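Visitor: Quick one: this structure, given as structure tokens, is what I'll be asking you about.
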Amino acid sequence: MREEKKEQPLYKDYRVILLVVALLVSVFAIFSPVGYFVENDGLTNVHFGLDIRGGSTIYLQLSGAVAQVGAAPRDIVTVMTAQEFPNGIEIVGTSVAENGSAFVTFRTADPVNQTRLEHMFNTNSIHVSTSNNISQVNISSSSVGFIVSYLSHVYGAEVVPFSIMGGVEYEIRTATTPEELSGYMAAVNGRILTDAAGNLLYRDGTTRETMQLMIAVLNNKLGNGLGVRDIPIRAIGDGFIQIDFAGVSLADARELVSTPGKFEIRIQTTGNESIHVLYGDAIESVGIVGNDPSTGTFFVPFTLSEAGARALQQAAISTGATVNPNAHHLIMLLDDEVVYSAPLSHSAANQLNSQPIFSWQAGTGSEEEARNLQIHLRAGALPVNVEIVSAGQVDASLGQGFLRGAILAGILALFAVAVLVYRRYKRPEIAVPMIATSFCEIVLLIGFSVLIMQDLNLAAIAGIIAVIGTGIDHLIIITEEVAHEGKMPSDIVYTKRIGKAFMIIFATAATTVVAMLPLVSSLGFGALRGFAIVTIAGVLIGALIARPAYSSILRYILIKRGMIDEKARDE
Amino acid sequence: MKLDLYHYLYPFVQKTDNKKLIAIPLAILAAALLIIAFMIIQTGSPVALGMDFVGGTQFSATTTLTENQLQEMFSGYPLNDIRISGNRAVLQFSMMGSDELQTLENLIYNNPAFRDIEQLQISPIYGQELQRSALIAVVLSLIGMAFVVFIIFRQIVPSLSLVFKTIANIIIPLAVMNILGIELTLGTIAALLMIIAFSVDSDILLANKVLKRSGNLDDKISAAMRTGMFMTTTTAAAFFVMFVVSTFAHYIIPGIPPIPIMSQISLIVLIGLVADIWNTWFFNVGVLRMYLTRPKGRSKKGGRRA
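Note that the protein sequences, when read in sequence, are chains W and B. Going letter by letter, the first sequence gives residues 300 to 870 in the numbering used here. Going letter by letter, the second sequence gives residues 1226 to 1531 in the numbering used here.
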């Protein structure tokens, strides 16, 4: 029967073709001088982790909390103005409309400073009428606006509302606890809202949007500082950020993170000349990008400190910007580069003639420009306070030593496995393809890591060595399931046995993937992510590409050598 | 001479009564749990937590200074621990303020007596966060593994036996860590997850043979054991080499420093692999043999799916 059968040549077997193609792609990825994955230093394109290249890593914790709270505007106004009006106020009217807009009207016998109230409640809609030493004040805002004003007032920090399904989340951008927040809310007869199960709607950290903004601001700021475009910055969970600094000492990295960029606002005098108005420290808060549907333009709201607002007013008057805004642009610079330049609006120019303005809006033509401006405005200060909670540094010379050790461990591990395999099968026809396959798996895995831009740190290299271990396990299953006693069975039996072998292989591969998945998700382990990704990729590459090819090659070699088990029957 | 462990273990497995066979791994597990319980009573934690989880600052450097010299040099700082292996010293400090840390850094980085420096600093808050994440990762990994195993086997007893044995495979390394004074670090967590992944390999092979194929039970167990033990041997060999190179190479080759994370991963996986031998071939084989030869009638459909 054997004589009639014509064996398909190996180069026509799709499993072998797949392996060869994958190997070529991997070798190309590892050594190619062109491609998005090219690594400039070193002989290969392998992206080594910081513990090998040398450099520092910093983990930042974002101080902040996100909560849903409720309180009535009248109580908020009473509490917030207690210091402003020592004789107290008498609420004469209040209302919260269905669309969320709200107002509070009160009377007081104390003098009223309208600008301060506008600043306090962050609204321009304050009307004061005074007669007989009694002032009647009307503050129009929204129920959300009153709560934001109150929380920023008590925390002395920025508070940003985010609309979500069925409510509003308030992001408090400073460290707090649910107890502290509860206390503040109780002072205005309010509370932290609870869900249906009675749990407080409160969590530490920030919203996704703010995390993204943090990463963008850090990228911008650190990129400027180091003169590089993209720094690996990664969010870890809701409250942590990991930053890798290749080739930078920890002391320098700390300095970079904690030193804000230099933000400056200037006003044009004549031509290219301009005068200084204020620095980034005068910017108290930067809001989220808004748009004006009537004009189709976008804007970034920001508020100035008292000193900043006065400085801007003075500068605008002295340069003549209040009279002729178009000739005297407001210029914003970040690290001495112009990031924004536009004239004052006519209404702002008019208002500046009589009083300072605290709340500003910088208008832009497109949403992207607005987002960039928002980041630039932020570069003076990070949106959320951060604390370095973990840091590490590896000397480059030490990293080189680590790499030598890791490579030696890999080579010796493969060698040890080869010796065991040869001792067991005592035949090069089996041992050589087995070890060669294992070697191919490593090449494929390294090539894959280059293509997906995965850093290989020491833990990931441990993952590669682990893949040698599991890979050989699976090759042993194929060999011993199929070629019992080192001989190939007839076609039918072969097909059945190889099916069983691969059932075992896929089952174990699936378990490994599932067991490693928790480390790939954003659990707090930057350090072990690479390890998990490499292990998962290695198992999949082995099970789907290398091991099928091995089964074909083994079969081909054993049949060529006439090692056929005529008596093999299906079990 | 036969080096294969199989030749020594199989005769024992074949002739030993199922209950005795199961009792051995259970006894070892009980001992491990006792050690861990003792540790919990003493320290409140099942295993000593390393710096990754409690916080602090650690410096590793190549140096010729002796332990006493180092003690003296850093007497003004909250130095917790010095470990020296060969020419490599690891210094662990408690958390300190940023000014104090900075002077300490200057002292170390500007001193030519220290070369190839590695620094790691973790705040206690972040350490707690890592503890929480580590626990979640291990639990999720176990649940995921159990889920896959139930889908593959679709039989309660073999699946439960495998899940139980996997848990034993990670409890025993924890107990051994207590005995050897090894601390729990991120590397050892990675190793525990790897043990969860590796644990099922030989069992799926075993179950596939004894549950899904016909033939003499002893022969099937013998065949699975022959293959499975060899698989464990090769995996263990790879990790043993990794352990030796990452832990001891620097005594022979000066250019290769010890690599703590690889050393931790390989040692714990090795312990897990050794525990896996009796947990698979004593415990799981015992359970499967009892399950397959149990008196019929209780389950009418017959659990055996040949």
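Just so you know, even glycine gets a beta-carbon here, dropped at the ideal spot from N, CA and C. The structure presented is a predicted model; accordingly, all values stated were derived computationally and were not measured.
For B:S1366, return the contacting residues in chain W, with the cut-off set at a CB-CB distance below 7 angstroms.
Guide: By Cβ distance, chain W contributes A814 and P817.
Visitor: Decide yes or no for the touch test of the stretch 763 to 779 of chain W against the stretch 698 to 716 of chain W: beta carbon pairs closer than 8 angstroms, at least 3 of them.
Guide: In short, these stretches touch, since the Cβ pair count reaches three.
Visitor: Which chain W residues are close to B:M1456, counting only those with a beta carbon under 7 angstroms from its beta carbon?
Guide: Neighbours of B:M1456 on chain W, chain order: D772 and I775.
Visitor: Anyone know if the C-beta pair for W:D312 and W:S737 falls short of 8 angstroms?
Guide: No, the Cβ-Cβ distance between W:D312 and W:S737 is not below 8 angstroms.
Visitor: Within its chain, find whatever has a CB closer than 8 angstroms to the CB of B:Y1231; leave out the 5 residues flanking it on each side and keep chain order.
Guide: Taken in chain order, the residues that qualify are M1450, R1451, M1454 and F1455.
Visitor: What do you reckon, are the CB atoms on W:L697 and B:I1342 nearer than 8 angstroms?
Guide: Yes.
Visitor: With which residues is W:P460 paired in a DSSP beta bridge?
Guide: W:Y469.
Visitor: Rank W:V599, W:A371 and W:Q435 by C-alpha distance to the C-alpha of W:V427 and give the top, closest one.
Guide: It is W:Q435 whose Cα lies nearest to the Cα of W:V427.
Visitor: Just how far apart, CA to CA, sit B:L1365 and B:I1392?
Guide: So the two alpha carbons sit approximately 13 angstroms from each other.
Visitor: Rounding to the nearest angstrom, what Cα-Cα distance links B:V1470 and B:A1463 in this structure?
Guide: Rounded to whole angstroms, B:V1470 to B:A1463 spans 11 angstroms at the Cα level.
Visitor: Check W:Y313 in the structure and name its three-state DSSP category.
Guide: The answer is helix: DSSP assigns W:Y313 an H, G or I state.
Visitor: Could you give the DSSP three-state label for W:P727: helix, strand or coil?
Guide: DSSP places W:P727 in helix when its eight states are reduced to three.
Visitor: Identify the continuous beta strand (DSSP E) that holds W:T407 and give its terminal residues.
Guide: Where W:T407 is concerned, the enclosing beta strand (DSSP E) stretches over S400 to T407.
Visitor: Alpha carbon to alpha carbon, what distance is there between W:I316 and B:Q1239?
Guide: Distance between the alpha carbons of B:Q1239 and W:I316 is about 45 angstroms.
Visitor: With a threshold of 6 angstroms on Cβ separation, who are the neighbours of W:R373 within its own chain once the five nearest residues in sequence on each side are excluded?
Guide: Result list for W:R373: I390, T393 and V403, in chain order.
Visitor: So, does the CB of W:R828 fall closer than 8 angstroms to a CB anywhere in chain D?
Guide: In the structure shown, chain D cannot be found, because the protein chains are W and B.
Visitor: Just checking my contact of B:I1481 with W:G704 at CB under 8 angstroms: how many whole Å lie between their CB atoms?
Guide: Right, their Cβ atoms sit about 4 angstroms apart.
Visitor: Which class does B:M1454 belong to by DSSP, given the choice of helix, strand or coil?
Guide: B:M1454 falls in the helix class under three-state DSSP.
Visitor: Look at the alpha carbon of W:T769 and the alpha carbon of B:F1423, and state the distance between them as a whole number of angstroms.
Guide: Rounded to whole angstroms, W:T769 to B:F1423 spans 8 angstroms at the Cα level.
Visitor: Run through DSSP, which three-state label would W:A496 get?
Guide: W:A496: coil per DSSP, three-state reduction.
Visitor: For chain B, is any of its Cβ atoms less than 8 angstroms away from the one on W:M802?
Guide: True, the Cβ-Cβ gap to chain B drops below 8 angstroms.
Visitor: Quick one, are the C-beta atoms of W:T473 and W:G363 less than 8 angstroms apart?
Guide: Yes. Within cutoff.
Visitor: Report yes or no: is there a C-beta of chain B within less than 8 angstroms of the C-beta of W:D694?
Guide: So yes, W:D694 belongs to the interface.
Visitor: In terms of residues, what are the limits of the beta strand (DSSP E) holding W:A426?
Guide: Correcting the residue identity first, residue 426 of chain W is His in this sequence and not Ala. From DSSP, the beta strand (DSSP E) with W:H426 extends over I425 to S430.
Visitor: For W:F597, which residues of its own chain have a beta-carbon under 8 angstroms away from its beta-carbon, when the five flanking residues on both sides are left out?
Guide: Result list for W:F597: V588, G589, N590, D591, G662, T663, G664, S665, E666, E668 and A669, in chain order.
Visitor: To the nearest angstrom, report how far apart W:P600 and W:L611 are at their CA atoms.
Guide: Rounded to the nearest angstrom, the two C-alpha atoms are 16 angstroms apart.
Visitor: Can you give the Cα-Cα distance for W:F747 and W:A321, rounded to whole angstroms?
Guide: One C-alpha to the other measures close to 9 angstroms.
Visitor: Does the beta carbon of B:D1341 come closer than 8 angstroms to any beta carbon on chain W?
Guide: With 8 angstroms as the cut-off, B:D1341 counts as an interface residue toward chain W.
Visitor: Below 8 angstroms between beta carbons is the criterion; list the residues of the stretch 720 to 742 of chain W that meet it against any residue of chain B, in chain order.
Guide: Residues V720, R722 and R723.
Visitor: Mind checking whether the beta-carbon of W:N652 lies closer than 7 angstroms to any heavy atom of the ligand ATP?
Guide: Ligands in the displayed structure: none, and consequently the ligand ATP is not present.
Visitor: Measure from the C-beta of W:L857 to each C-beta in chain B and report whether the shortest distance is under 8 angstroms.
Guide: For W:L857, the answer is no, since every Cβ of chain B falls outside 8 angstroms of its Cβ.
Visitor: Thinking just about the alpha-carbon of each residue, which of W:S355, W:S442, W:P682 and W:E383 is nearest to the one in W:A545?
Guide: Of the candidates W:S355, W:S442, W:P682 and W:E383, the one whose C-alpha sits nearest the C-alpha of W:A545 is W:S355.
Visitor: Is there contact between the stretch 1508 to 1516 of chain B and the stretch 1430 to 1437 of chain B, where contact requires at least three CB pairs shorter than 8 angstroms?
Guide: Verdict: yes, contact present.
Visitor: Could you run through the stretch 701 to 719 of chain W and flag, in chain order, every residue whose CB is less than 7 angstroms away from some CB of chain B?
Guide: Cβ contacts with chain B come from F701, R703, G704, A705, L707, A708, L711, A712, A715, V716 and L719.
Visitor: Given a cut-off of 8 angstroms, decide if W:I425 and W:I446 are closer than it, judged by their beta-carbon atoms.
Guide: Taking 8 angstroms as the Cβ cut-off, W:I446 and W:I425 do not qualify as a contacting pair.
Visitor: Between W:G768 and chain B, is any beta-carbon pair separated by less than 8 angstroms?
Guide: Closer than 8 angstroms to some Cβ of chain B, the Cβ of W:G768 qualifies, so yes.
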